[in-house]
Each structure stands twice: as structure tokens, then as C-alpha cells.
Amino acid sequence: MTSDMNAIQLDEVGAPLVVRRIPVPQPGPGEVLVKMAASPINPSDLAFMMGGYGFAQGLPVTPGNEGSGLVVAVGSGLMAKRLRGKRVACFARKGIAGAWADYMVTRASLCVPVSSDTTFEQAATSLINPLTAQAFMQIVRRDRPAAFVNTAAASSLGRMLVRLSGREATPLINVVRNESQVSLLRSMGAEHVLDSTTPGFEEQLASLTRQLGATLILDAVGGPLLGQLLRAAPHGTQILSYGRLSDEPCVIEPGELILQRKRIVGFFLSDWMEQRTIFQVLADIRRVQRSLSTDMQTHIRRRVPLEDVNDALDEYRRSMTDGKLLLVPSGAD
Ligand SMILES: NC(=O)c1ccc[n+]([C@@H]2O[C@H](COP(=O)([O-])OP(=O)(O)OC[C@H]3O[C@@H](n4cnc5c(N)ncnc54)[C@H](OP(=O)(O)O)[C@@H]3O)[C@@H](O)[C@H]2O)c1
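Structure (C-alpha cells):
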């Protein structure tokens, strides 16, 4: 194995990323070294690069929250040792060193072995969105709203929810931001799709949420839309804020919270997973892996060499609905 590697690095918030040669990191106790095969660009990576999660060890830092690859070296500890030579899907350690590199060190507990019939491409997007989509369906089953709403619903995650909710009795109201996204979700069989940019959107949403009893709203957008969702929601609605795709400020009328008993709470996958038992997490992972080519499928737009990361970021920001761009080290399968 070589002693240095290509890694994408962020030197400064807002600056273009650079690819440079840095030493291959070595796994410590409970850690593994993954030879990366692929890693997607996700909205959380964009937020990370803007400083949204802080930089635990300062800058420069390698972004990339999840990916897939082969475990080629391990540190001490049973869990790490059991992963030697395994193909894995892996989370990066928060804000320390990401997946957009030839190699990544991460904790063994953040790696999931993948079956031989799962491609590295599928495995690269098999954690963040599928586990979140599954968590949302568990929340729907637990809280039993008569219906629920999701925003930015043409996202990869939104499309998983369209497929999953199609198997449940609880209707899903999808909110998107243009006509082609309405058509996309309708072609997948979604019954309720609203375009937030059409005149009268807020009234339509208020009428549909009341008619169906949609007292759970999953919001990935924030900004002015979050204020509209709060106003349009029925009495007692809970809004789970799980994304901040809009960088605009949000104005909230406190009366909605005080008199209408509506609530806004945050959702963060890692917090959710920490609350689950190890047996629940293992079952969640197994269920997700079984449906990576069906309900939990992610549309991959194309594979991109690490060197082209800045062009890939521009392309992704222009049209996220067109699918994930996968960053792939040279020489990866
Ligand atoms: N909290 C958590 O733990 C957690 C976990 C997983 C995912 N998430 C969040 O889930 C969301 C979806 O992730 P993903 O990977 O599935 O996304 P994705 O596939 O990259 O798609 C993003 C979608 O959002 C739309 N969008 C972008 N900016 C928007 C805006 N300002 N207003 C309305 N729509 C907008 C895009 O439409 P265009 O094509 O028009 O740009 C696209 O349809 C993200 O916010 C992500 O951060 C959160």
C-alpha cells in the first residue's frame, strides 16, 4: 500500500475545494482504514462545507459524510478486527476526515458490511437517506397521524418515502418546487403532490392537510416555506425539521405554537440511531440492505473522478433532482 494518497480538501469556507497528496491515515484503536470506492455528494456535505456542522479539528478538512469501500487495515479491538477485508458502507467520523479521498479512517462502529450482491455504487448511498426514510416511516407508525407531509419531496429521500408510504395506509402529501417534479412523483404513483411555487399553494395545503388530517410534517427546506407549513398545518401538528435546503430566513408566528399547539422539533439521524438499541439498528440495516434495488433505490447520475469535484458540485447544486453524483478515486472498481 502506498504511503500517500489523493484527498479532496476544504481550506476555507466558501473556497473551491482542492485535491492534494496527503499521508494515508492510520487506524487507531476501534478504527478501520477503508480504501474508498465511491462517495455521494449530499446536501449535508454542502452544509458541512459552509461550516454548518463546525470543524472538529479545524481546516483543512476532507468532506464526505458517507461512502463505500474495502477495509484494508484495522486498529485494535474485536469489532475493527472482524471488518478486515470486508466490503463496507461507512459513515465518516463527524467533521474529522471525510470520504472524498482514496482512503478514509473511520470508527468500526460506523461501518456496515455489505453483501456480495450489493455493488459499491449501491452501498455508497445505503446509509444516510435509506436509514432516515426508514426512521420517518417508524415515526409515522409510532405517532399515527391520519396523513403526513414531506417537502423537497422529489429528493432521493423523498422518492424513498413515496415508495414506502405506498405500502402503508397513511397518505403522504408531497410538496415540491416545480412542475417537472410534480410529474416525476406522479409517474411514481404519488397521489397528492403540491407545487409550492404555484399561486394559492398555502390555501391548497391548508385544505388538503385538514381534509386528510395530516398532523405530521417532515420539512427538509426551512426558510419561508417552514412559516407557510406552520400556518397551513392543522391544530396540534408536529413539524420535524430535518433539512435546511433554503438559505433564507424563516418567519414564524408564535401564536401558531401557543394557541394552535403546533410544535417544531429537529430530526438528526445520528441522534435517532443513538436512541435505538443495537438489535433495532441491526434490524434497520438489514431491512435497508434488502431493499436497495427497490424501495431504497437511489438514482445515480454519474461517477466523477475526485479531481473534478468542483464541477460536480456546480452540477449538483444546479439540479439536485437529477440524481446523485458519486466521487470515485482513480483505480476504484
Ligand atoms: N436530518 C437528517 O438526519 C437528514 C438525513 C438525511 C437527509 N437529510 C436531508 O434530506 C434532504 C434530502 O436529501 P437528499 O439527499 O435526498 O436530497 P437530493 O436527492 O440531493 O435532492 C434534493 C432535493 O431538494 C430540492 N431543493 C433544493 N433546494 C431547495 C429549496 N431551497 N427549496 C425546495 N426544494 C429544494 C432539489 O430540487 P432541485 O432539483 O430543484 O434543486 C431536490 O429535489 C436534505 O435536506 C438533507 O439534508 C437530513
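Residue numbers (my numbering): 1447 to 1779.
The beta carbon of each residue, even a glycine, is placed where N, CA and C say it ideally should be.
Quiz item: Do V1560 and A1535 come within 8 Å of each other at the CB atom, strictly closer than that value?
Solution: Contact flag set, yes.
Quiz item: What separation, rounded to the nearest whole angstrom, lies between the Cα atoms of I1542 and F1501?
Solution: Each residue's Cα considered, the two are about 7 Å apart.
Quiz item: Going by the beta-carbon positions, is the gap between S1687 and I1704 smaller than 8 Å?
Solution: Between S1687 and I1704, the CB-CB gap reaches or exceeds 8 Å.
Practice problem: Mind the definition here: the region 1589 to 1600 touches the region 1639 to 1658 only if three or more C-beta pairs lie below 8 Å; say whether that holds. | Solution: As far as the Cβ criterion goes, the region 1589 to 1600 touches the region 1639 to 1658, which means the pair count is three or higher.
Quiz item: For M1550, which residues of its own chain have a beta-carbon under 8 Å away from its beta-carbon, when the five flanking residues on both sides are left out?
Solution: For M1550, the CB contacts under 8 Å within the same chain, skipping 5 residues up- and downstream, are P1471, L1479, V1480, M1482, T1508, G1510, G1513, G1515, C1536, A1538, A1543, G1544 in chain order.
Quiz prompt | Exposure of P1695, with buried meaning 16 or more beta-carbon neighbours within 10 Å | solution = Within a 10 Å sphere around the beta-carbon of P1695 sit fewer than 16 other beta-carbons, which makes this residue exposed.
Self-check item: Closest by C-alpha distance to T1448, when choosing among G1689, L1456, P1462, R1467
Solution: Cα-wise, what sits closest to T1448 is R1467.
Quiz item: Given that a residue counts as buried once 16 or more other Cβ atoms are within 10 Å of its Cβ, and exposed if not, what is D1450?
Solution: D1450 is exposed by the Cβ-count criterion.
Quiz prompt | Exposure label - S1642; buried when at least 16 CB within 10 Å | solution = Its Cβ being crowded by 16 or more others within 10 Å, S1642 is buried.
Exercise. Assign S1633 to one of two classes, buried (16 or more other C-beta atoms within 10 Å of its C-beta) or exposed (fewer than that).
Key: S1633 is exposed by the Cβ-count criterion.
Self-check item: Between the CA atoms of V1727 and E1720 - distance to the nearest angstrom
Solution: Rounded to whole angstroms, E1720 to V1727 spans 9 Å at the Cα level.
Practice problem: Using the DSSP secondary-structure output, state which residues sit across from R1553 in a beta bridge. | Solution: In the DSSP assignment, R1553 is bridged to E1477.
Quiz item: Which full runs of the alpha helix (DSSP H) of 4+ residues lie inside the region 1657 to 1738, going along the chain?
Solution: For the region 1657 to 1738, whole alpha helix (DSSP H) runs of length 4 or above, ordered along the chain, are 1669 to 1678, 1700 to 1704, 1715 to 1721, 1724 to 1736.
Quiz item: Should the region 1604 to 1617 be called in touch with the region 1571 to 1584, which here means at least 3 C-beta pairs below 8 Å?
Solution: Output reads yes: the region 1571 to 1584 touches the region 1604 to 1617.
Quiz item: For F1594, does the three-state DSSP call read helix, strand or coil?
Solution: In the three-state reduction of the DSSP assignment, F1594 falls in the strand class, which pools E and B.
Quiz item: Considering only the beta carbon of each residue, do A1493 and R1764 sit closer than 8 Å?
Solution: Inclusion of A1493 and R1764 in the CB contact set at 8 Å is not warranted, their separation being larger than that value.
Quiz item: Since S1522 is in the alpha helix (DSSP H), which residue starts that stretch and which ends it?
Solution: Element bounds for S1522: n/a, residue is neither H nor E.
Practice problem: Counting only the same chain and skipping the five closest in sequence on each side, list residues whose C-beta sits under 6 Å from that of Q1503. | Solution: Cβ within range, chain order: I1542.
Quiz item: In this structure, what does DSSP give as the bridge partners for M1451?
Solution: For M1451, which the question treats as bridged, DSSP gives the partners I1468.
Quiz prompt | Where K1540 sits in the DSSP three-state scheme | solution = The answer is coil: DSSP assigns K1540 none of H, G, I, E or B.
Exercise. Check whether the region 1662 to 1679 touches the region 1556 to 1574, counting contact only when three or more Cβ pairs, one atom from each stretch, lie closer than 8 Å.
Key: Taking a cut-off of 8 Å for Cβ pairs, the region 1662 to 1679 and the region 1556 to 1574 do not touch, as fewer than three such pairs fall below it.
Exercise. Can you tell me which of R1530, A1679, F1582 puts its alpha carbon nearest to the alpha carbon of T1661?
Key: For the options R1530, A1679, F1582, the alpha carbon positioned closest to that of T1661 is the one of A1679.
Practice problem: Just the C-alpha distance for I1746 and I1731, rounded to the nearest angstrom, thanks. | Solution: Roughly 21 Å separates the two Cα atoms.
Quiz item: Between Q1684 and D1693, what straight-line distance do the alpha-carbon atoms span, to the nearest angstrom?
Solution: Using only the alpha carbons, I get a separation of about 22 Å.
Quiz prompt | DSSP three-state assignment for A1624, whether helix, strand or coil | solution = Going by the sequence as given, residue 1624 is Asn instead of Ala. DSSP places N1624 in coil when its eight states are reduced to three.
Quiz prompt | Status (buried if at least 16 other CB within 10 Å, exposed otherwise) for S1602 | solution = With 16 or more other Cβ atoms from the protein chains shown falling within 10 Å of its own Cβ, S1602 counts as buried.
Quiz prompt | Nearest-angstrom beta carbon gap, E1761 and L1752 [assumed within contact, 8 Å] | solution = Between E1761 and L1752 the Cβ distance is about 15 Å, and since that is not below 8 Å, they are no contact.
Self-check item: R1612: CB within 7 Å of a non-hydrogen atom of ligand 1
Solution: Looking at the sequence shown, residue 1612 is not Arg but Gly. The closest heavy atom of ligand 1 lies 7 Å or more from the beta carbon of G1612.
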